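Taking it in order: structure first as structure tokens, then the write-up.
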Amino acid sequence: MNGPARLDEIDIRLLEMLQEHGRTSQHDLAQAVGLSSPAVAERLRKLEERGIIRQFTVLVDPRRVGRDVTAFIFVGINGSHHYPAFRSSVARHPEVLECHSVTGQGSHILKIRTDSTSTLEGLLAEIQAWPGVQWTTTSIVLSTVKETSALALVPRPRTADAAATDGAAVAPAR
């Protein structure tokens, strides 16, 4: 499918509710959006079929299961011909939660969670030995201000500050 999927207000509300609490019953979803439970079930099925809902999952508190160290590792790779092997190596390591191809510093950034800095050090040694990896730069997270996987599905209204940076005329505040 090209471009973003078209979602009506009911689809958006269902997705927002499920992002907030994935175990909301179809009955409760139906009541909230004013549809029958079978109609909600059909909408959810279509959202899954269209790939909008990728999966239903559980968010585990990393600290409660001993994964206290979060780090971001920037990786510089010597040529794009090494990317397939790099991506394959990433896929084999459960400590790597995310891998993004980026512009700027490095070619990829990895989000890692481990139980200790010594485990992180060992993982770094492995990554640095992967074919094509020229260098890594690691930032260890000291604290997290915000971490979410929920997407804002409705565009936020533009603020006066945003309009001003675009050069648009802004009415004075009253």
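Count along the sequence shown from 1, then add 1; that gives the number in the working numbering.
We put the CB at the ideal spot given by N, CA and C, even for glycine.
The model shown is predicted, which means the values in this text are computed figures rather than measured ones.
Item: Minimum C-alpha distance to TRP136 - residue among GLU49, ILE74, VAL66; Value: ILE74
Item: Beta-carbon contacts of THR118 that lie in its chain and below 7 Å, excluding the five residues immediately before and after; Value: VAL70
Item: Cβ pair count under 8 Å reaching 3, the region 119-136 against the region 75-93; Value: yes
Item: Residues of its chain near LEU8, where Cβ-Cβ distance is below 8 Å and the 5 sequence neighbours each way are ignored; Value: LEU16, ILE53, LEU154
Item: Own chain partners of GLY77 with C-beta closer than 7 Å, once the 5 adjacent residues on each side are dropped; Value: GLY107, SER108, GLN135, TRP136
Item: Whole-Å CB distance - ALA151 paired with GLN32, under 8 Å assumed; Value: Actually they are not in contact, since the Cβ atoms of ALA151 and GLN32 sit about 21 Å apart, beyond 8 Å.
Item: Secondary structure of VAL34, DSSP reduced to three states; Value: helix
Item: Three-state class that DSSP yields for LYS47 in the structure shown; Value: helix
Item: For ALA172, three-class secondary structure by DSSP; Value: In this prediction, ALA172 has a pLDDT of 46, which is less than 50 and means its spatial position is unreliable; nothing more can be read from the coordinates.
Item: According to DSSP, residues forming a beta bridge with HIS83; Value: Beta-bridge pairing links HIS83 to no other residue.
Item: C-alpha gap between THR58 and GLY23, whole angstroms; Value: 8 Å
Item: Nearest neighbour of ASP116, chosen from THR104, VAL34, VAL97 [CA to CA]; Value: VAL97
Item: Cβ pair SER38, HIS28 closer than 7 Å; Value: yes
Item: Top-ranked residue by Cα proximity to ARG114, from ARG68, HIS82, SER90, THR104; Value: ARG68
Item: Short Cβ contact (7 Å threshold) for ALA72 with THR139; Value: yes
Item: Alpha helix (DSSP H) segment containing SER119, residue limits; Value: 118-130
Item: Same chain, Cβ closer than 7 Å to ALA170, five either side skipped, listed in chain order; Value: Summary for ALA170: the model assigns pLDDT 48, below 50, so the residue's position carries little reliability; its value from the coordinates is reported in the next sentence. Same-chain partners within the cutoff: there are none.
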